[in-house]
Amino acid sequence: MTDITRFTRRAALGAAAMAAATIALPGAAQAQYDFSGQTVEWIIPFGTGGGSDTWARFNAPFLSRHLPGNPTVAVVNEPGGGSTRGANLFATRAQADGLTILGTSGSTQFPYLLGDPRVRYEYQDWSVVMVGPTGGVAYASPSTGISSVEEIGDLVGQRLTYASQGATSLDLVPMLAFRLLGLDVHYVFGFGGRGDGRLAFERGEVNIDYQTSSAFINNVTPLVEAGEAIPLMSWGVLDEDGNPQRDPTFPDLPILEEVYEMVHGEAPSGDLYDAYKAFNTAGFAAQKMVVLPEGASDELVEVYRQAWRDVFADPEYQETYAAALGAYGQVTDGGADALFRAGTTIDPEVRAMVVQILSDEYNVRLGD
Amino acid sequence: MTDIFLSALTDILTFQHIGYMLLGVVVGLMIGVFPGLGGIAGLSLVLPFLYGIDTTSALALLIGLIAVIPTSDTFASVLMGIPGSSASQATVLDGFPMSRNGEAARALSAAFFASLVGGIIGAIILTGFVLVARPVILSFSSAELFMLSVFGLSMVGVLAGKSLVKGLAACGIGLVIGSVGGAPATGEFRMVYGVDYLYDGIPLVIIGLGLFAVPEIVDLLRRDRSIAGDKGLGSGWFAGIRDVIRNWWLTLRCSSIGALIGAIPGLGGTVVDWIAYGHAVQSTKDNPRFGQGDVRGVIAPESANNAKEGGGLLPTLLFGIPGGGAMAIFLGGMVLLGIQPGPSMVGSNLDLTYTIVWSLALANVFGAGLCILLAVPISRLTLIPFKLLAPFMIVVICFASFQATRILEDMLALLVLGLLGIYMRRFGWPRPALLIGFVLATQAETYLYQAVQFYGWEFLTRTGVLIIIGLTAVSIWLGMRAKVSSSSRDELLAEEAAHASGLTENIRARWPQLVFAGLMLAGFALAVQDALRQSFLGQVFPLMMALAGGFFTLVLIGLLAFGRLGTAAAVDAEAGIGTDEEAPERSMLASLFWLAALVALTWVTGFFIALVVFFIVFLQVRARASWLMTAILTAGAAGFVLTLAYALNMRFPGGLLQDLYRLPWPFS
């Protein structure tokens with residue numbers, strides 16, 4: 000794990016150097032790479048039809064339009080092993096010629112951060128060219144007796160039930176959040192997705208849940224309006240300095256840090272909070288990443304970053320992306336670097352603590 | 000309400016909408032004909048083109064595709080015995096025997112016409128159901144879903160054939176194989192033995208191909224004749240349509256079953272065809288020939304699986320929970336188009352929901368119509384000498400198998416399960432029972448655990464649960480009655496060559512069956528040993544299932560070792576025990592060798608090179624074809640696979656060669 004801190008520093012230096020290069024030679028970089036008539040394979044380590052696949056398929060035509068030479072950008076699904084198989088494949092096979100890129104997700108970051116034995120990829124070898132954030136909102140049932148988040152104190156001491164996809168899935172973020180707040184939550188595992196969890200909430204089987212932003216807006220807002228769900232908090236977003244802020248999609252909702260203060264009367268700190276921050280960033284603020292393989296030249300990275308800058312400026316993209324992906328702006332350059340760093344590094348002690356919690360309380364064995 | 004209907008209808012009945020739908024139908028038909036490539040491949044093919052088309056047209060395209068796939072995959076199920084997708088696994092049971100009896104055209108047109116009717120009836124049911132679907136879907140909690148899994152498992156009684164003990168043991172194997180991989184309650188990995196491939200569990204498509212397609216291919220290779228033998232194509236396609244009309248009541252019931260079960264999220268469409276098939280077996284009184292080519296065994300699953308797609312739309316549209324693989328892609332497509340699923344689909348967007356539901360019905364009519372027209376020409380495949388067809392079929396099932404995860408291990412798993420399938424076929428272990436166990440293993444375990452967590456054991460007293468328990472009891476009773484009334488005592492007994500009674504004599508006559516049963520028993524022991532290493536929640540389900548399976552296997556061994564002459568449990572196709580088939584002339588291992596050879600070659604040179612080499616060698620050595628014929632067939636197969644892989648932007652599994660050298664596509 001010390002390797003990671005060293006690599007990070009190197010990555011940061013590299014990013015600075017790259018930024019300098021950007022200003023100096025934008026034209027030269029473009030000239031060297033021309034993908035005319037070629038196919039860029041965009042590896043998605045998930046099956047067709049899921050969130051990551053939809054995200055990549057939405058972005059692919061725009062990327063094709065703005066890469067030099069307008070190559071075909073083909074989404075290649077390589078599912079398996081909770082996304083570790085596709086990422087491993089990319090790590091061992093991909094050449095740094097710009098024709099293979101990888102799209103990762105929170106489920107690719109989590110096993111890496113937790114030290115899953117199936118992980119044979121190293122994020123710090125890769126160069127990030129784009130990060131797509133997302134958000135999430137936790138909510139509770141009025142059957143718990145609360146009518147707004149101000150009464151969250153009343154939840155403490157109650158037995159709450161949560162429908163989970165598994166302790167090492169993105170549900171780790173709400174688990175850590177609830178733990179920070181001192182809530183006594185009973186987790187029932189084996190749910191196929193957040194949609195199934197929401198169904199269990201609507202049936203009254205569970206009384207606390209979270210949904211990603213777009214699912215919350217489409218499916219939980221009607222429940223909130225009908226008085227059947229009480230929004231509690233959002234996971235927030237990170238500003239450019241890496242500080243947590245309220246989610247602009249839900250400006251009226253407090254973030255965990257604020258709710259923590261309501262409950263405990265002080266700002267959160269300590270290993271558990273660090274763990275929450277690391278996994279929250281890896282799972283939400285830096286959920287989707289586009290990376291180039293090990294050995295990608297600075298010019299190649301710049302070519303891709305320029306392409307993303309042009310994508311973000313494309314009027315058609317601006318018109319359509321919110322409907323397809325939600326209101327979170329995708330970022331490249333410095334913003335992406337900051338999120339990449341925060342989302343792919345974790346203090347070894349914090350990691351050990353999380354692994355311990357997982358194994359003590361949820362029977363999760365990462366090594367075999 | 001009327002204005003919503005009218006608005007949806009005017010949307011559908013425009014030239015543009017129908018045009019795009021037809022385009023979707025044609026693309027879906029071409030993809031769906033190929034086994035293993037279901038809606039998922041088809042939809043990923045058209046997703047990139049969705050940009051720039053308006054929403055209704057794009058939806059029409061997607062729906063055209065989804066509608067036709069459970070119809071077109073029937074070609075492979077009926078003609079070749081290859082389950083085209085999970086939706087048509089049950090169709091193989093009677094569809095393929097019909098082909099072998101020279102009734103391919105009749106089976107196909109019956110299947111397609113049943114699909115057409117099923118799709119329409121499904122849409123009619125959904126039109127009303129959509130309005131009350133939200134509360135109905137919400138009323139199916141984990142407790143009801145668990146009982147529905149049990150209901151599905153009770154079909155084993157119907158599908159077990161002559162020997163219930165064998166059926167239960169086979170179902171146990173399925174349940175144990177199904178629990179390989181992550182445990183639902185704890186996420187711990189069971190029976191993976193450090194093999195990465197096993198972490199995700201074994202893909203359903205490989206179980207289907209291994210159990211059903213491989214044994215048939217091997218059997219046909221050993222007989223060296225065409226699929227239809229000397230029986231020809233027999234009566235034309237009009238007979239099939241008449242069959243459906245004559246069995247209209249069965250078609251109606253199975254369509255309703257399909258639409259309703261498809262609408263329940265979580266159970267998945269994978270069992271619908273089996274439930275429909277089981278229902279047909281239970282409810283048929285006059286002269287059933289199920290398993291030997293009864294047309295009702297084709298009509299039931301086919302009418303259900305098309306209606307199921309419509310049912311599956313409901314949870315997808317109303318809750319954003321896809322009912323299956325194809326629905327997941329449809330959901331992805333909807334999101335790309337900016338349509339978000341949710342309660343608004345029965346509120347402000349109700350007209351859009353109706354547009355989708357009825358488009359599906361219309362697309363079913365187009366799709367099934369096209370398939371009926373194609374049925375006669377395509378069924379001529381069954382007249383081709385099998386040694387020329389075999390290399391195609393072997394390549395097709397390998398290609399289909401690695402659609403699952405696209406690595407060599409898929410093909411290895413196919414080979415292993417194929418071997419299991421071959422021996423299960425030989426010794427009369429019912430393969431559908433294994434499949435049902437496999438499909439329902441995860442669901443039964445997950446929902447039982449969740450139901451107990453949420454409701455305690457009192458979940459058994461919930462109204463919904465009690466209703467389903469009642470249904471299960473009726474179903475079992477009907478199944479038993481059907482069996483008793485339909486078969487005379489003589490038919491239930493196996494025909495064995497006379498041998499003296501007693502343990503030693505039994506062992507001498509039946510030792511291959513005993514060895515196989517012993518191996519299965521060892522498999523159960525392995526599962527028990529693995530389960531004992533897990534935590535309580537991770538072990539309880541596989542432990543119980545393995546112990547039960549092991550118990551029934553022991554009973555079977557007892558029957559074989561001590562049973563009297565002609566016990567129903569004794570089947571050995573090679574020795575002519577309990578079968579009408581003549582023993583084939585060539586050896587099983589020689590035929591299986593060819594499949595193994597292709598897998599081994601792929602391991603060395605990657606799939607594409609292996610395919611070319613395999614074709615040339617097979618056609619020259621085994622089929623003794625002329626060089627011209629060899630060249631034409633090899634080029635045809637290679638060209639076809641390349642086109643398909645290129646269109647779907649797919650990479651073939653690599654071998655040692657690819658690990659050492661970087662090769663250009665398609666060799667990479």
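As given, the protein sequences belong to chains G and Y, one line each in that order.
Using numbering that gives the first Met the number 0, the first residue of the first sequence is number 0, and each one after it goes up by one.
Using numbering that gives the first Met the number 0, the first residue of the second sequence is number 0, and each one after it goes up by one.
Even glycine gets a Cβ: it sits at the ideal position worked out from N, Cα and C.
- Here L439(Y) is buried. Its C-beta has 16 or more other C-beta atoms within 10 Å.
- Contacts between A323(G) and chain Y, judged by CB atoms closer than 7 Å, involve V334, L335 and G337 in chain order.
- Cβ proximity to chain Y below 7 Å picks out G165, A166 and T167 from the stretch 159-176 of chain G.
- Comparing alpha carbon positions, the residue from V136(G), L88(G), M288(G) and R202(G) closest to A142(Y) is R202(G).
- Judged by their CB atoms, L169(G) and G105(G) are nearer to each other than the 8 Å cut-off.
- Listed in chain order, the positions of the stretch 114-129 of chain G with a beta carbon within less than 7 Å of a beta carbon of chain Y are R117.
- For E187(Y), a Cβ of chain G is located within less than 8 Å of the residue's own Cβ.
- Within the same chain, and ignoring the five residues on either side of I435(Y) in sequence, the residues whose Cβ sits closer than 8 Å to its Cβ are G151, L152, M154, V155, L158, C170, G173, V270 and W273.
- By the beta-carbon neighbour count (other beta carbons within 10 angstroms, threshold 16), Y192(Y) is exposed.
- Residue state for G193(Y) is assigned as coil, using DSSP reduced to three classes.
- At a cut-off of 8 Å between C-beta atoms, S534(Y) counts as an interface residue with respect to chain G.
- The criterion of a C-beta distance shorter than 8 Å is not satisfied by T160(G) and S212(G).
- A direct Cα-Cα distance of roughly 39 Å separates P34(Y) from L531(Y).
- Sequence-ordered contacts of the stretch 253-270 of chain G with chain Y are nonexistent [C-beta pairs closer than 8 Å].
- In the three-state scheme derived from DSSP, where H, G and I count as helix and E and B as strand, F426(Y) is classed as coil.
- Pairing G186(Y) with G261(Y) gives a Cβ-Cβ distance that is not under 8 Å.
- The C-beta of K276(G) has 16 or more other C-beta atoms within 10 Å across all chains shown, which makes the residue buried.
- Interface flag for I320(Y) against chain G is set, since a Cβ pair is found closer than 8 Å.
- Between the C-alpha atoms of D195(Y) and F188(Y) there is a straight-line separation of about 11 Å.
- DSSP lists no beta-bridge partner residue for G156(Y).
- Chain Y places no beta carbon closer than 8 Å to that of T280(G), leaving this residue out of the contacts.
- No Cβ of chain G is located within less than 8 Å of the beta carbon of P665(Y).
- In this structure, V356(Y) and L312(Y) form a Cβ contact; the two beta carbons are roughly 6 Å apart against a cut-off of 8 Å.
- Relative to the Cα of L252(G), the nearest Cα in the group Y303(G), D124(G), G46(G) and G235(G) belongs to G235(G).
- Sorting F45(G), G135(G) and G102(G) by C-alpha distance to the C-alpha of P250(G) places G135(G) at the top.
- Only residues of its own chain outside the window of five on either side were considered, and among them D270, D273 and A274 have a CB closer than 6 Å to the CB of V349(G), listed in chain order.
- The Cβ neighbour count for V620(Y), taken over all protein chains shown within 10 Å, is under 16; the residue is labelled exposed.
- Here the stretch 276-293 of chain Y makes contact with the stretch 251-261 of chain Y; the two share three or more CB pairs at distances below 8 Å.
- When secondary structure is reduced to three states using DSSP, Y276(Y) falls in the helix class.
- Within the DSSP secondary-structure output, T70(Y) pairs in no beta bridge.
- According to DSSP, residue pairing for G102(G) in a beta bridge involves V289(G).
- The Cβ of T47(G) sits closer than 8 Å to at least one Cβ of chain Y.
- Residues of chain G with a Cβ closer than 7 Å to the Cβ of P183(Y) are, in chain order, F188 and G189.
- Chain-ordered, the chain Y residues with CB closer than 7 Å to the CB of G194(G) read F318, G319 and I320.
- Residue nearest to G189(G) within the set G41(Y), A450(Y) and F365(Y) is A450(Y) (criterion: CA-CA distance).
- Secondary structure of N304(Y) (DSSP, three-state): helix.
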